[in-house]
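The sequence shown finishes on residue 1121 if you use my numbering, and the numbering steps up by one all the way, no holes.
Glycine is no exception: its CB is placed at the ideal position from the N, C-alpha and C atoms.
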Amino acid sequence: MKKTLFILGCYVLAMTACASPEERAAALKEAETKTTAAGAPAAAAVSAADITAGEQLIAKNDCIGCHNKDNKIIGPAYVDIAAKYPLSEENINHLVDKVISGGKGVWGEIPMTPHDALNKDDVKKMVTYILSAKK
């Protein structure tokens, strides 16, 4: 329990260190809502390092050809994906499988090509970044 709260505290500290006052307040509020009354995290613990690594991996791959953080291009915007799939281990694993195998029909008829050459751990970081996107 102490370890979990320590990790959550480090995450909030890291996320707020370089943020504006408004972003800091939002990050603290988000951390509070991710904690149950008993003090245990309500969602999957996410590290700031994984979010940053995911953003960097997305920039290095072909994701930006079809996706953007805030606007729909060919595929949905990251903020729309995050709104549909709340950050949880179950959603991360589901979307990792979808990215690797490709798919069609959830966001329209234009298919997402398979990305089976990507490392599953890297895709997990990428999906974690996407699901952490906020409007």
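In this structure, DSSP gives Gly1094 a state outside helix and strand, which the three-state scheme calls coil. With fewer than 16 other beta carbons inside 10 angstroms of its own, Thr1099 counts as exposed. Here Gly1089 is bridged, per DSSP, to Met1098. By the 16-neighbour rule on beta-carbons within 10 angstroms, Val1113 is buried. Cβ atoms of Ile1096 and Ile1060 come within 8 Å of each other, at about 6 Å. The C-beta distance from Ile1116 to Ile1067 rounds to 5 Å, short enough to meet the 8 Å contact threshold. Lys1106 is the residue among Gly1094, Lys1046, Asn1057 and Lys1106 whose C-alpha sits nearest the C-alpha of Leu1081.
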